Amino acid sequence: MSRVCWHVLGAGSLGSLWATRLARAGLPVRLILRDEARLAAYNAQAGLTLNENGQRQTFAIPAQTVSADEPIQRLLVACKAYDAEHAVAAVAHRLTDRAEVLLLQNGLGSQDAVAAMIPGARCIFVSSTEGAYRDEDWSVVFAGQGFNWLGDTPQGAAPVWLDELKQAGIPHQWTADIAEHLWRKLALNCAINPLTVLHQCRNGELQAHAEEVTALCAELGHVLHCCGQPGAAEGLLDQVQQVIAATAANYSSMYQDVAQGRRTEIRYLLGHVCATAATLDCPAPTLNLLRLRLIEHLNARGLPND
Ligand code: NAD
Ligand code: KPL
9 MSRVCWHVLG AGSLGSLWAT RLARAGLPVR LILRDEARLA AYNAQAGLTL
59 NENGQRQTFA IPAQTVSADE PIQRLLVACK AYDAEHAVAA VAHRLTDRAE
109 VLLLQNGLGS QDAVAAMIPG ARCIFVSSTE GAYRDEDWSV VFAGQGFNWL
159 GDTPQGAAPV WLDELKQAGI PHQWTADIAE HLWRKLALNC AINPLTVLHQ
209 CRNGELQAHA EEVTALCAEL GHVLHCCGQP GAAEGLLDQV QQVIAATAAN
259 YSSMYQDVAQ GRRTEIRYLL GHVCATAATL DCPAPTLNLL RLRLIEHLNA
309 RGLPND
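The sequence shown begins at 9 in the numbering used here and counts up one residue at a time.
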């Protein structure tokens, strides 16, 4: 039986982590790169390298640009939230009638924007807690074990190809409520990441700012109730404190983005919570103030503030 090819759009950290594990399991994978220059750079290498537990393994995964003409039946979108819509627009004409599109973006907002653009496709949202970073071009380090929740809205049946994720050793579960998982992760990120940027600290150092964290969690819980996500609010402060303790030595992803002069996903994290609260007339003064402080911090460093 011929397998459906996994087209991976965005050969960054998470895209490479998925692509290499799928390829390692013998599944057909294609990388989709943004232009001919990137394709030439990739083709000058032996392939894409996965660095797991200090072991490096390179996979000669075929690549193409967005403008190749091969039809796409299954697309994994692994760009940042702010790039997803534009990237998918470039390949939308290649999607088949029954295409499935997996959206790996953190936060909320980008998934709905992509889904609205490709109404004929089945969009599957993924909430990932796995960790990866690039140590060099075309090489990814698997830095943190985690989990992937997958689901769609309205909720459909679990796709049969979940078996392929199992085969590839990608930890996952299909969920009837992907929105709750995405909101919960977004709330965790909003309670931790902006504060680590503003206080210029590792996650663990937020233990010295316990009052601020507590106030934020209380308000996030309130907003989650307002937007019909009470499940995502349950035990939020406890979990935030656990994550802070468990990742005490780490710098949050937003801290790392700012430290390295990269654009953040603020619009899809704090920005999304504040915009949703405003739409619902739900008071969120602490979150709004935090967003303004973060914007000021980004402006001072010449970084995009959305
Ligand atoms: P990344 O910046 O490492 O990779 C994104 C890739 O997309 C880059 O290679 C970029 O060149 C490519 N890209 C952007 N626009 C493109 C286009 N138009 N055409 C083709 N390629 C394009 O980002 P990442 O860390 O892999 O994160 C991806 C998403 O996953 C983010 O929303 C992030 O928050 C989320 N996430 C990441 C991790 C992690 O550990 N890296 C963990 C959980 C969630
Ligand atoms: O996901 C995270 C991040 O850094 O983006 C954690 C570790 C949960 C902190 O919010």
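Just so it is clear, CB atoms sit at the ideal spot from N, CA and C, and this is done for glycine as well.
On a predicted model such as this, the values are computed, not experimentally measured, just so you know.
{"Check": "Going by other Cβ atoms of all chains shown within 10 Å of its Cβ, with 16 needed for buried, is L375 buried or exposed?", "Outcome": "Residue 375 falls outside the range modelled here, since the chain spans only 9 to 314, and no answer is possible."}
{"Check": "Taking only the alpha-carbon atoms, compute the straight-line gap between L288 and F133 and give it to the nearest angstrom.", "Outcome": "24 Å"}
{"Check": "What does the alpha-carbon distance come out to for the pair P36 and G177?", "Outcome": "15 Å"}
{"Check": "In three-state DSSP terms, what is I132?", "Outcome": "strand"}
{"Check": "Considering only residues of the same chain and omitting the five flanking positions on each side of H280, which have a CB-CB separation below 8 Å?", "Outcome": "G115, L116, G117 and L194"}
{"Check": "Any heavy atom of the ligand NAD within a distance shorter than 6 Å of the CB on C131?", "Outcome": "no"}
{"Check": "Just the Cα atoms here: how many angstroms apart are V106 and L206?", "Outcome": "Residue 106 is actually Arg in this sequence, not Val. Going from the Cα of R106 to the Cα of L206 covers about 45 Å."}
{"Check": "Give me the Cβ distance between E203 and E220, rounded to the nearest whole Å; I'm assuming they're in contact under 8 Å.", "Outcome": "It should be pointed out that residue 203 corresponds to Leu in this sequence rather than to Glu. The pair is a contact, with the Cβ atoms about 6 Å apart (cut-off 8 Å)."}
{"Check": "What's the C-alpha gap between L158 and V231?", "Outcome": "24 Å"}
{"Check": "What residues are listed by DSSP as bridge partners for Q65?", "Outcome": "L58"}
{"Check": "As an exercise, report each continuous alpha helix (DSSP H) stretch of at least 4 residues that is fully enclosed by the region 96 to 135, in chain order.", "Outcome": "118 to 125"}
{"Check": "Once you ignore the five residues that flank L17 on each side, which residues in its own chain have a CB closer than 8 Å to its CB?", "Outcome": "G23, I40, V74, L83, L84, V85, A86, C87, A95, V96 and V99"}
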